[in-house]
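Q: Under our numbering, residues 5 to 288 are what the sequence shown spells out, in order. Cβ atoms here follow ideal geometry from the backbone N, Cα and C, with glycine treated the same way. Sharing a structure with you now.
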Amino acid sequence: MKYLFRSLRKRITNFDIFFISVLGILFLGFIFFFRRETTYVSLRLKVTDPNVQFINTQPFDEYSSSFVAGDKEVNELGQTVSEIVSVDTYKTDPIKQVTYVNMRTKAVYNPRKQQYTVKGKPVAFGQSINFTLSKIKFEGTIVDFPGFMKNRTIQKKILRAQFRDPKREYSDTYGVAPYIADAVKVGDEVKDSQGNVIIEVLEVESVPAKRTIVSNNASITIVDQELRDVYYTLEVSVFSVGGRLYMFDFIPVYISQIIPLNFPHISVWPTIISIEDPAATTGK
5 MKYLFRSLRK
15 RITNFDIFFI
25 SVLGILFLGF
35 IFFFRRETTY
45 VSLRLKVTDP
55 NVQFINTQPF
65 DEYSSSFVAG
75 DKEVNELGQT
85 VSEIVSVDTY
95 KTDPIKQVTY
105 VNMRTKAVYN
115 PRKQQYTVKG
125 KPVAFGQSIN
135 FTLSKIKFEG
145 TIVDFPGFMK
155 NRTIQKKILR
165 AQFRDPKREY
175 SDTYGVAPYI
185 ADAVKVGDEV
195 KDSQGNVIIE
205 VLEVESVPAK
215 RTIVSNNASI
225 TIVDQELRDV
235 YYTLEVSVFS
245 VGGRLYMFDF
255 IPVYISQIIP
265 LNFPHISVWP
275 TIISIEDPAA
285 TTGK
């Protein structure tokens with residue numbers, strides 16, 4: 005054996021050593037540039053409407069309710085490719101729900117680009133991916149993935165909002181009928197599918213509606229004997245992106261913005277008239 009090694013060393017020239025070194029470097033470079041890792045990644049996807057011709061980001065209730073935690077997508081070998089971990093839904097419309105699906109799905113990771121790929125598509129905000137599970141088929145748009153929205157935190161804001169009858173946009177009053185004014189009570193809550201409170205009604209103020217009458221000489225304000233002006237004080241969960249506040253499905257929170265309040269017994273759309281911090285409100 006020693007004789008064989010000595011004989012081999014005598015036959016190896018400097019060119020052979022150089023050639024072997026080049027092959028080794030090329031092999032390592034090939035591994036570095038083309039190496040891929042198969043792993044599982046957690047994605048948060050926003051579900052779109054199943055109608056591909058008229059896509060709507062708010063599916064109807066019957067479609068949204070078909071998403072179930074634990075539902076899986078498997079390949080031909082029976083191996084789990086994707087699985088629903090949890091589903092978050094909340095209403096911004098009486099018959100539709102904004103739907104988010106949190107999934108654990110098989111992905112390929114490129115360490116050089118530091119990017120995940122799912123079903124041949126890069127994992128990036130706004131990327132759409134189709135999934136065929138055992139109970140439902142859907143197209144989801146990626147809105148969160150590892151390392152994307154890690155700094156987003158939920159905070160509370162106190163909003164004061166006026167409910168204005170939309171049919172009276174060009175009328176001399178914003179007043180609503182008494183049965184609508186009395187429908188929302190202190191303590192009413194808007195929750196997501198996990199039971200988390202998104203909006204809580206802290207105060208309801210219902211006063212006789214003001215009606216403005218304009219003549220050639222002046223304008224006067226009188227009190228309507230039937231209609232009511234309604235003001236809500238709300239504690240709302242919001243989040244900040246780029247220094248701007250949002251609620252629900254990226255609905256911006258600012259003065260004059262109309263926000264949805266969908267309770268089990270009524271849906272109203274009040275207009276924000278003031279925004280405050282809870283601490284400032286408590287100190288008053």
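1) Here's the rule I'm using: 16 or more other beta-carbon atoms within 10 Å means buried, otherwise exposed. How should G74 be labelled?
2) Give the DSSP-derived three-state secondary structure of I184 in the structure shown.
3) Where do the N-terminal and C-terminal ends of the beta strand (DSSP E) with Y120 fall, by residue?
4) Looking only at its own chain, which residues have a Cβ that is under 7 Å from the Cβ of D228, when we skip the five neighbours before and after it?
5) Under the three-state reduction of DSSP, which class applies to D233: helix, strand or coil?
6) P63 by DSSP, collapsed to three states: which one?
7) Identify the continuous beta strand (DSSP E) that holds D148 and give its terminal residues.
8) Less than 8 Å separating the beta-carbons of K95 and N200?
9) May I have the straight-line CA-CA distance separating F129 from Q261, to the nearest angstrom?
10) Using the Cα positions of I133 and L81, report the straight-line distance between them to the nearest angstrom.
11) Please confirm whether I259 and P274 have their CB atoms less than 8 Å apart.
12) Who pairs with K76 in a beta bridge, going by DSSP?
13) Would you tell me roughly how many angstroms separate the C-alpha atoms of Y230 and P182, rounded to the nearest one?
14) Is there contact here, the segment 117-127 with the segment 40-47, by at least three beta-carbon pairs under 8 Å?
15) Out of I158, Q159, V240 and R168, which has the shortest C-alpha to C-alpha gap to D192?
16) Measure the C-alpha to C-alpha separation of I99 and S70 and round it to an integer number of angstroms.
17) Mind reading off the beta-carbon distance from T103 to P63? Whole number of angstroms is fine, and I expect it under 8 Å.
18) My guess is that V105 and S197 are in contact by the Cβ rule of under 8 Å, so how many angstroms apart are they, rounded?
19) By a C-beta neighbour count over all protein chains shown, 10 Å radius and 16 as the cutoff for buried, is I162 buried or exposed?
20) Just verifying my parser: in three-state terms, what is the DSSP assignment at S197?
21) Please report the Cβ distance between E207 and V190, rounded to the nearest whole angstrom; I am assuming they are in contact, meaning their Cβ atoms lie under 8 Å.
22) Going along the chain, which residues of its own chain have a beta-carbon closer than 8 Å to the beta-carbon of L137, five neighbours each way excluded?
A: Quick answer:
1) Label assigned to G74: exposed.
2) Residue state, collapsed to three classes: helix.
3) Where Y120 is concerned, the enclosing beta strand (DSSP E) stretches over Q119 to V122.
4) Cβ neighbours of D228 beyond the five flanking positions: T177, G179, P212, A213 and R215.
5) Note: D233 maps to strand in three-state DSSP.
6) Of the three classes helix, strand and coil, the one that applies to P63 here is coil, per DSSP.
7) Counted as a single uninterrupted DSSP element, the beta strand (DSSP E) harbouring D148 occupies residues K141 to D148.
8) Against a cut-off of 8 Å, the Cβ pair of N200 and K95 comes out as no contact.
9) Rounded to whole angstroms, F129 to Q261 spans 26 Å at the Cα level.
10) The alpha-carbon atoms of I133 and L81 are separated by roughly 21 Å.
11) At least 8 Å separates the beta-carbon of I259 from that of P274.
12) E87.
13) Looking at the sequence shown, residue 230 is not Tyr but Glu. Going from the Cα of E230 to the Cα of P182 covers about 7 Å.
14) By the Cβ criterion, the segment 117-127 is in contact with the segment 40-47, since at least three pairs of Cβ atoms, one from each stretch, lie closer than 8 Å.
15) The option with the nearest alpha carbon to D192 is V240.
16) Using only the alpha carbons, I get a separation of about 15 Å.
17) In this structure T103 touches P63 by the C-beta definition: roughly 6 Å separates them, less than 8 Å.
18) Not quite, the Cβ-Cβ distance comes to about 11 Å (not below 8 Å), so this is no contact.
19) Buried is the call here.
20) The answer is coil: DSSP assigns S197 none of H, G, I, E or B.
21) Taking the Cβ atoms as the reference, E207 lies roughly 6 Å from V190, within the contact range of under 8 Å.
22) Correct list, in chain order: D75, K76, E77, S86 and I88.
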